[in-house]
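Chemist: Below: one structure in structure tokens.
In our numbering, the protein residues as written are 60 to 344.
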């Protein structure tokens, strides 16, 4: 009887010990998994930093913002998707960047004959505006020249892609044509008139720049100033056409405040350490 009691006691002690070990092991595993989960959660947190007024980022921000060239193409009420961008729009963007950064060459063409209003390739004579606002035709046609290689190289710099057809003519502006001649784009005026002055200019201002782990987002607001003489407001000399969303597929011009519209331009960090334009979205307040 005594031996049985001893056996029961020993069995109880062994059972209790094994149970304690299993419990301890389970607790350890649970805590270990919890630590792993917490580490994973920490890794997934994306830190954000406001860098608009940080001098360490001033040059980078200005370079990235310069990619846009304040072209109205980037201010679509439905946003901008680089993956579906039209080839003509791509060429316009590259043209604007090249012009804004003075990467082009100029050439002055003579009229096709004395007294003619056009030069080779039907480019129009330059329009000369005097100090008093009077306009007259110049004596030559000034064209901008940029190689196809430069166009492709510039597009790759902005978008980190070669998906652009640089073998076609395009209109960077309604009054200007760029045509390929012997591997070089020649861009000249094709619709000049001496009856209309001014143009539709974009006026935009950065209000915030957020840096994330591998992304920089530039937020800006703005409007369009229409200084064309055909639509000038006699009261103030110009009309401010603010950008607004609408039911249409594109932005439209309207004499209203644009305070409720903010554009967010995204730039993604590439493997080469450079940021590339990734698209634009619209933020409505």
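For every residue, glycine included, the Cβ atom is placed at its ideal position computed from N, Cα and C.
All values derive from a computational prediction rather than experimental measurement.
Run the CB neighbour count on residue 270, radius 10 Å, all protein chains shown included, and call it buried at 16 or more, exposed below.
Modeler: The residue given as residue 270 occupies position 211 in the chain shown. Buried, because 16 or more other Cβ atoms sit within 10 Å of the Cβ of residue 270.
Chemist: Between residue 38 and residue 194, which are expected to be in contact by the criterion C-beta below 8 Å, what is the C-beta distance as a whole number of angstroms?
Modeler: Given a span of 60 to 344 for the chain in the structure shown, any question on residue 38 remains unanswerable.
Chemist: State the start and end residues of the unbroken beta strand (DSSP E) segment that holds residue 229.
Modeler: In the chain shown, residue 229 corresponds to position 170, counting from 1. Counting along the chain, the beta strand (DSSP E) containing residue 229 begins and ends at 229-232.
Chemist: How big is the Cα-Cα spacing for residue 260 and residue 129?
Modeler: Taking the chain shown and counting its residues from 1, one reaches residue 260 at position 201. Taking the chain shown and counting its residues from 1, one reaches residue 129 at position 70. Taking the straight line joining both Cα atoms gives about 9 Å.
Chemist: With DSSP as the reference, label residue 106 as helix, strand or coil.
Modeler: Residue 106 sits at position 47 when you count from the first residue of the chain shown. Coil, per DSSP.
Chemist: Quick check: what's the CA-CA separation for residue 187 versus residue 145?
Modeler: Residue numbering aside, residue 187 sits at position 128 when the chain shown is read from its first letter. Residue numbering aside, residue 145 sits at position 86 when the chain shown is read from its first letter. One C-alpha to the other measures close to 34 Å.
Chemist: Please classify residue 282 as buried or exposed, where buried requires at least 16 neighbouring CB atoms within 10 angstroms.
Modeler: As a working note, residue 282 is residue 223 in the chain shown. Buried.
Chemist: Output the distance between the C-alpha atoms of residue 168 and residue 108, rounded to the nearest integer angstrom.
Modeler: Within the chain shown, the letter at position 109 stands for residue 168. Within the chain shown, the letter at position 49 stands for residue 108. So the alpha carbons of these two residues sit roughly 51 Å apart.
Chemist: Would residue 231 be called buried (16 or more neighbouring beta carbons within 10 Å of its own) or exposed?
Modeler: Position 172 of the chain shown holds residue 231. Buried, because 16 or more other Cβ atoms sit within 10 Å of the Cβ of residue 231.
Chemist: Would residue 244 and residue 207 qualify as a contact pair, given that the criterion is a beta-carbon distance under 8 Å?
Modeler: Here residue 244 corresponds to residue number 185 of the chain shown, with the count starting at 1. Here residue 207 corresponds to residue number 148 of the chain shown, with the count starting at 1. Contact: yes.
Chemist: Among the residues of its own chain, which have a CB less than 8 Å from the CB of residue 106, if the five just before and after it don't count?
Modeler: Position 47 of the chain shown holds residue 106. Contacts found: 271 and 272.
Chemist: How big is the Cα-Cα spacing for residue 240 and residue 250?
Modeler: The residue given as residue 240 occupies position 181 in the chain shown. The residue given as residue 250 occupies position 191 in the chain shown. Near 20 Å, if we compare the C-alpha coordinates of residue 250 and residue 240.
Chemist: Enumerate in chain order the residues of its own chain whose CB-to-CB distance from residue 139 is below 7 Å, with the five nearest sequence positions on each side excluded.
Modeler: In the chain shown, the residue the question calls residue 139 occupies position 80. Closer than 7 Å at the Cβ level, and outside the excluded window around residue 139, lie 133, 338 and 339.
Chemist: Quick one: what's got a C-beta closer than 8 Å to residue 342's C-beta in the same chain, skipping five residues either side?
Modeler: Sequence index remark: in the chain shown, residue 342 carries index 283 (1-based). For residue 342, where only same-chain residues beyond five positions count, the Cβ hits under 8 Å are 278, 320, 321, 322 and 323.
Chemist: So, at 6 Å on beta carbons, what are the nonlocal neighbours of residue 147 in its own chain, with the 5 sequence-adjacent residues on each side left out?
Modeler: Position 88 of the chain shown, counted from the first residue, corresponds to residue 147. Within the same chain, residue 147 has close Cβ partners 229.
Chemist: For a test of the three-state rule: what should DSSP assign to residue 193, helix, strand or coil?
Modeler: On the chain shown, residue 193 is found 134 positions in, with the first residue counted as 1. Residue state, collapsed to three classes: coil.
Chemist: If I follow the unbroken alpha helix (DSSP H) through residue 212, where does it start and stop?
Modeler: Residue numbering aside, residue 212 sits at position 153 when the chain shown is read from its first letter. Residues 207-218.
Chemist: Here's a check: name, in chain order, each residue in its chain whose Cβ is nearer than 8 Å to the Cβ of residue 101, leaving out the five neighbours to either side.
Modeler: Counted from its first residue, the chain shown places residue 101 at position 42. With a pLDDT of only 49 at residue 101, under 50, the local geometry of the prediction cannot be trusted, and no value is derived from it.
Chemist: Counting C-beta neighbours from all protein chains within 10 Å, is the total for residue 185 16 or more, i.e. buried, or is it exposed?
Modeler: Sequence index remark: in the chain shown, residue 185 carries index 126 (1-based). Buried.
Chemist: Could you tell me the alpha carbon to alpha carbon distance between residue 335 and residue 190, rounded to whole angstroms?
Modeler: Residue mapping note: residue 335 aligns to position 276 of the chain shown, counting from 1. Residue mapping note: residue 190 aligns to position 131 of the chain shown, counting from 1. Going from the Cα of residue 335 to the Cα of residue 190 covers about 42 Å.
Chemist: Note down the Cα distance separating residue 182 from residue 242, rounded to an integer number of angstroms.
Modeler: The residue you call residue 182 lines up with position 123 of the chain shown. The residue you call residue 242 lines up with position 183 of the chain shown. Taking the straight line from one Cα to the other gives about 18 Å.
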